[in-house]
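**Q**
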Amino acid sequence: MVQNSTIVTASVATAATALVAQARHLPDDFGFREANLRVSSFSPADAAYAIYFDYCRRSQSEFRRDLRRSERLTARAKAKAEKEEAEASSQNLRATIKVKVDEAKEEGFPQGVEEREAYFSEQVMTAEVMSQDPSTAIDSALAFYKGLKVYPSPGDLIKIYDSTVPKPILDILAEMIAYDSSLDIRAAPAGVPGGINLGDIPNVGLD
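Spelled out as structure tokens, the structure:
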């Protein structure tokens, strides 16, 4: 039969677990399951600290204010770290985009109508396949960008991209367009022949 003193001791230890976790901002499980808690898991110093912390929290308004202030500072520090990480990731993405665009421009683009038409078809189909895999989003956007470079009226093609290309890829493509100042995405004037008929191109990703 379990002695009452043992039950009381275990209950105190269970309560102390929660108090120590709160005081030290540790995960709720404190590294082990509450169901498997043993009194021996706690040192006298842990128990004393938990009791002292609980006493201060209950009886001292200044202590409670300090706790809230500490929580706000922790939240702000976390938000700042997340913002800095996002900014660093964005900068790395822009740097990668610049390298990709520079490489594509250095390779050059076909000039003849038939060559451009075949190149356009190839790039659009490649972009569509890559768009299914988030890990190849940059390469997918690059292929869509190459399609724009050979299409005679990129502004008209952009309208199609806007409604068919997944947004994450479209955002990367927008960065590429912004970086390439030589790419004019204004719609072609009325009556000006395009040179490439979208109807003759397999409408992969453009339906």
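Counting from 1, one number per residue, gives the positions in the sequence shown under my numbering. Ideal placement from N, C-alpha and C gives every residue a C-beta, glycine not left out.
Taking contact to mean 3 or more Cβ pairs, one atom from each stretch, closer than 8 Å, check whether the stretch 144-154 and the stretch 100-112 are in contact.
**A** yes
**Q** Ignoring anything shorter than 4 residues, give me the alpha helix (DSSP H) runs that lie fully in the stretch 54-123, in order along the chain.
**A** You should have 61-107.
**Q** Give me the Cβ distance between G155 and I185, rounded to the nearest whole Å; I'm assuming they're in contact under 8 Å.
**A** Taking the first residue of the sequence shown as position 1, residue 155 is located at position 155. Taking the first residue of the sequence shown as position 1, residue 185 is located at position 185. Confirmed, Cβ separation roughly 5 Å.
**Q** Can you have a look at V113 and say buried or exposed, based on whether 16 or more other CB atoms are within 10 angstroms of its CB?
**A** Within the sequence shown, numbered from 1, the residue matching residue 113 stands at position 113. Per the 10 Å Cβ criterion, exposed.
**Q** In whole angstroms, what is the alpha-carbon distance linking V39 and R58?
**A** Along the sequence shown, read from residue 1 onward, the residue named residue 39 stands at position 39. Along the sequence shown, read from residue 1 onward, the residue named residue 58 stands at position 58. Model confidence at V39 stands at a pLDDT of 45, short of 50, so the residue's coordinates are unreliable and nothing is read from them.
**Q** By the three-class DSSP mapping on this structure, what secondary structure does D133 have?
**A** Within the sequence shown, numbered from 1, the residue matching residue 133 stands at position 133. Here D133 sits in coil by DSSP.
**Q** I'd like to check one pair, A137 with I172: are the Cβ atoms closer than 9 Å?
**A** Mapped onto the sequence shown, residue 172 falls at position 172. Mapped onto the sequence shown, residue 137 falls at position 137. Yes.
**Q** Buried or exposed: where does T126 fall if 16 or more other Cβ atoms within 10 Å of its Cβ makes it buried?
**A** Walking along the sequence shown from the start, residue 126 turns up at place 126. T126 should be labelled buried.
**Q** For R69, decide whether its Cβ has a neighbour in chain D, counting only Cβ atoms nearer than 9 Å.
**A** Judged by its chain identifiers, the structure shown contains no chain D, having just a single protein chain.
**Q** Kindly indicate which residue of S135, E122, V150 has the alpha-carbon position closest to the one of I169.
**A** Locating residue 169 in the sequence shown gives position 169, counting from the first residue. Taking only the C-alpha atoms, the option nearest I169 is S135.
**Q** What residue range does the alpha helix (DSSP H) around S163 cover?
**A** Counted from its first residue, the sequence shown places residue 163 at position 163. Per DSSP, S163 belongs to the alpha helix (DSSP H) from 154-164.
**Q** Give the straight-line distance between the Cα atoms of A86 and D133, rounded to the nearest whole angstrom.
**A** Residue numbering aside, residue 86 sits at position 86 when the sequence shown is read from its first letter. Residue numbering aside, residue 133 sits at position 133 when the sequence shown is read from its first letter. If you draw a straight line from the Cα of A86 to the Cα of D133, it is about 22 Å long.
**Q** In whole angstroms, what separates the C-alpha of E62 from that of K80?
**A** Here residue 62 refers to the residue found at position 62 of the sequence shown. Here residue 80 refers to the residue found at position 80 of the sequence shown. Distance between the alpha carbons of E62 and K80: 27 Å.
**Q** Quick one: using the 10 Å Cβ neighbour count with 16 as the cut-off for buried, is F32 buried or exposed?
**A** Within the sequence shown, numbered from 1, the residue matching residue 32 stands at position 32. Below a pLDDT of 50, predicted positions are generally treated as unreliable, and F32, at 39, falls in that range; no measurement from the model is reported.
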